[in-house]
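A.B. asks: Chains as they are written, first to last, in our numbering: chain A, 246 to 585; chain B, 11 to 229.
Ideal Cβ placement from N, Cα and C applies to all residues, glycine included.
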């Protein structure tokens, strides 16, 4: 655009113009494309630091704005990290997803063993245990306290059973149910019991929580957008006279936009850094009491703080929101300001 | 260099500031624009850096019709025009150097070149050594000189001034006018709005006089 228009400006339309050009300003040279590019890169680099410098000249108000953005970003970030911790905690429970397949009453022991071996080789199965009717009776006698009543029976009423644990990665409710269905089709299997309800409920709860994080995160992202947009709008308003003067000297809208956009970027990035610090400080405070609670349950769970990738993500999101918010403000307000 | 061809300017309020003004400025020429207040001097001047656009007629800057120019190109036209204001329009939160450097920063010039050009411009207006001062610490005359340095630093093809001596006492006004004459001698086309007739007579240059929006006399 730049090159094009300057070319147009300098192309002589007629001979008088060409003469004018010669006499006017011999020293007035138009920059080439390389020089324009260099100037553009140079101005970007310069504006990047100059806008940070501007923020540092009013540290209190900059810090307040960054703080508000930081808190707004910290909320979805902490929900996210909470969810990560919940995932980690429930990963241990989900291994417990177990299918109990009761074989037909009176099935010969060899057939039961063959069946057990057949399913043992299935890749979805992590471990399989064959419980014979005798073992089942023993266990029941030990655990139920109905020993005397059982003695009164003539024959063992219990069937043989297969206890199947799902392989890692195969333990979500849909896959577990599919395997249970397959087992049910088998002639030698009488009944399949799986305690899926709680796994399904846990899944459902986790999904609600995930959706909730998205909704809250989305709302707070909009809040950050509006906060930065409004801050930049005020800044533009404060510098209205300066913008008029610079426009009169020949600055394009994009040249004037640039420092404001970088300012938004800095606000967003500083907000992201503050949010990461806030979340990690909060988690650090939680670590000790959570550790005590977990000890009481005999679990090895530890509270996870934000990992470096997530911190980069939070700061990146902040930067992106800052830039977008600033863009909203400059797109609307800078072109309205005209000298005159 | 600059041609006004039957230019009229009517503001949305219905006020007609300029009525069929025609004149031509040759490259390197120096001229004054005079007239009582409200005669349309400032309006005429505003048409050149496209702060306002004519309602009818043509304003040609080096053959470019300023009435039919895209928003984007206005910026590039303004870079070729130096403007000096009565109230200097400096940025008071920056040093003298940064003020003068502004047109060069907009052009994307390298820092070393900017330094050289700014020093040269400040030297020409007699302010060398004051580049690190804040404009507020300078006298009104010196501030006006900073404004002139900013207007000429990127070697514009035409230099416009709107009552550049309006706020100055007579001696300072003469000095500032002599500065404009210096740039004229260096080959820059100069158009100065002024109602200081004594000063205009002293410099003995072509004078355009506006009366109620009409060009009544060119000497």
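Using a cut-off of 7 Å between C-beta atoms, extract the partners of residue 505 of chain A located in chain B.
C.D. replies: Those do not exist, as residue 505 of chain A stays about 16 Å from chain B at its closest Cβ, beyond 7 Å.
A.B. asks: Which class does residue 12 of chain B belong to by DSSP, given the choice of helix, strand or coil?
C.D. replies: In this structure, residue 12 of chain B counts as strand in the three-state DSSP scheme.
A.B. asks: Using only the alpha-carbon positions, how far apart do residue 468 of chain A and residue 549 of chain A sit?
C.D. replies: When rounded, the distance between both Cα atoms is 27 Å.
A.B. asks: Within 10 Å of its beta-carbon, does residue 508 of chain A have 16 or more other beta-carbons around it, so buried, or fewer, so exposed?
C.D. replies: Burial call: buried.
A.B. asks: According to DSSP, simplified to helix, strand and coil, what is residue 578 of chain A?
C.D. replies: Residue 578 of chain A: helix per DSSP, three-state reduction.
A.B. asks: With a threshold of 7 Å on Cβ separation, who are the neighbours of residue 445 of chain A within its own chain once the five nearest residues in sequence on each side are excluded?
C.D. replies: Closer than 7 Å at Cβ, skipping near neighbours: 418.
A.B. asks: Quick check on this structure: which residue in B/83, B/13 and B/30 has the alpha carbon closest to the alpha carbon of residue 494 of chain A?
C.D. replies: Nearest C-alpha to residue 494 of chain A: B/83.
A.B. asks: Which residues does DSSP pair with residue 68 of chain B in a beta bridge?
C.D. replies: Beta-bridge pairing links residue 68 of chain B to B/15.
A.B. asks: Which of the residues in the stretch 37-64 of chain B, read from start to end, lie with their CB under 7 Å from any CB of chain A?
C.D. replies: Per Cβ criterion, the list reads 37, 38, 56, 59, 61 and 62.
A.B. asks: For the beta strand (DSSP E) containing residue 411 of chain A, name the first residue and the last one.
C.D. replies: Segment 406-411, the beta strand (DSSP E) holding residue 411 of chain A.
A.B. asks: Give the residues of chain B in contact with residue 584 of chain A, contact being defined as C-beta atoms less than 7 Å apart.
C.D. replies: The answer, in chain order, is 61.
A.B. asks: Please state the DSSP three-state secondary structure of residue 29 of chain B.
C.D. replies: Looking at residue 29 of chain B - three-state DSSP - the assignment turns out to be strand.
A.B. asks: Below 7 Å on C-beta distance, what does residue 487 of chain A contact in chain B?
C.D. replies: Result: 101.
A.B. asks: Using beta carbons (cut-off 9 Å, strictly below), is residue 502 of chain A in contact with chain B?
C.D. replies: By this cut-off, residue 502 of chain A is not an interface position.
A.B. asks: Where residue 396 of chain A and residue 386 of chain A are concerned, what is the direct C-alpha to C-alpha distance, given to the nearest angstrom?
C.D. replies: Each residue's alpha carbon lies about 9 Å from the other.
A.B. asks: In chain A, which residues lie with their C-beta within 7 Å of the C-beta of residue 157 of chain B?
C.D. replies: Within 7 Å Cβ-Cβ: nothing; residue 157 of chain B doesn't reach chain A, min ~10 Å.
A.B. asks: In whole angstroms, give me the CA-to-CA distance for residue 532 of chain A and residue 316 of chain A.
C.D. replies: Cα-Cα distance, rounded: 21 Å.
A.B. asks: For the stretch 190-204 of chain B, which residues have a beta carbon sitting closer than 8 Å to at least one beta carbon of chain A?
C.D. replies: If the cut-off is 8 Å between Cβ atoms, the stretch 190-204 of chain B has 197, 198 and 199 near chain A.
A.B. asks: I think residue 11 of chain B touches residue 215 of chain B, with their Cβ atoms under 8 Å apart; what is that distance to the nearest whole Å?
C.D. replies: Not a contact, Cβ separation roughly 15 Å.
A.B. asks: Evaluate residue 268 of chain A with the Cβ neighbour count: other Cβ atoms within 10 Å of its Cβ, from every protein chain shown; 16 or more gives buried, anything less gives exposed.
C.D. replies: At residue 268 of chain A the pLDDT is 39, less than 50, meaning the model places this residue with poor confidence; the figure from the coordinates comes in the next sentence. Residue 268 of chain A should be labelled exposed.
A.B. asks: Within this structure, are the beta carbons of residue 447 of chain A and residue 570 of chain A separated by less than 9 Å?
C.D. replies: Not closer than 9 Å, so no.
A.B. asks: What does residue 75 of chain B pair with, by DSSP beta-bridge criteria?
C.D. replies: B/70, per the DSSP bridge assignment.
A.B. asks: Does any residue of chain B bring its CB to less than 9 Å from the CB of residue 481 of chain A?
C.D. replies: Chain B contact via Cβ: absent.
A.B. asks: Following the continuous beta strand (DSSP E) through residue 374 of chain A, name the residue where it begins and the one where it ends.
C.D. replies: Start and end: 370-376.
A.B. asks: Buried or exposed: which applies to residue 540 of chain A, given that a residue is buried once 16 or more other Cβ atoms fall within 10 Å of its Cβ?
C.D. replies: It is exposed - the Cβ of residue 540 of chain A has fewer than 16 other Cβ atoms within 10 Å.
A.B. asks: Work out the CA separation of residue 164 of chain B and residue 272 of chain A for me, nearest whole Å.
C.D. replies: With a pLDDT of 40 at residue 272 of chain A, under the threshold of 50, the modelled position of that residue is not reliable, and no figure is offered here.
A.B. asks: Once you ignore the five residues that flank residue 368 of chain A on each side, which residues in its own chain have a CB closer than 7 Å to its CB?
C.D. replies: Only 412 meet the Cβ criterion.
A.B. asks: Looking at residue 474 of chain A and residue 510 of chain A, is the spacing between their C-beta atoms short of 9 Å?
C.D. replies: Contact flag unset, no.
A.B. asks: Using 9 Å as the limit for Cβ to Cβ distance, is residue 497 of chain A near chain B?
C.D. replies: Chain B contact via Cβ: present.
A.B. asks: Considering residue 506 of chain A, what are the terminal residues of the alpha helix (DSSP H) in which it resides?
C.D. replies: Residue 506 of chain A -> alpha helix (DSSP H) spans 498-541.
A.B. asks: Near residue 225 of chain B, what residues of its chain come up, given a Cβ to Cβ distance below 8 Å and the 5 sequence neighbours on each side ignored?
C.D. replies: Taken in chain order, the residues that qualify are 31, 32, 33, 218 and 219.
A.B. asks: Taking 9 Å as the CB-CB limit, is residue 184 of chain B close to chain A?
C.D. replies: No, no contact with chain A.
A.B. asks: Where does residue 122 of chain B land, buried or exposed, given buried means 16+ other C-beta within 10 angstroms?
C.D. replies: Label assigned to residue 122 of chain B: exposed.
A.B. asks: Would you check if the stretch 51-60 of chain B and the stretch 169-181 of chain B touch, i.e. whether three or more CB-CB distances between them fall below 8 Å?
C.D. replies: With a cut-off of 8 Å, the stretch 51-60 of chain B and the stretch 169-181 of chain B count as touching, because enough Cβ pairs lie within range.
A.B. asks: Would residue 273 of chain A pass as an interface residue toward chain B - the criterion being a Cβ-Cβ separation below 9 Å?
C.D. replies: Its pLDDT being 44, under 50, residue 273 of chain A is placed unreliably by the model, and the measurement read from it follows with that caveat. Chain B contact via Cβ: present.
A.B. asks: Output needed for residue 505 of chain A: all residues of its chain with C-beta closer than 6 Å, excluding positions within five of it in sequence on either side, in chain order.
C.D. replies: Closer than 6 Å at the Cβ level, and outside the excluded window around residue 505 of chain A, lie 477, 571 and 575.
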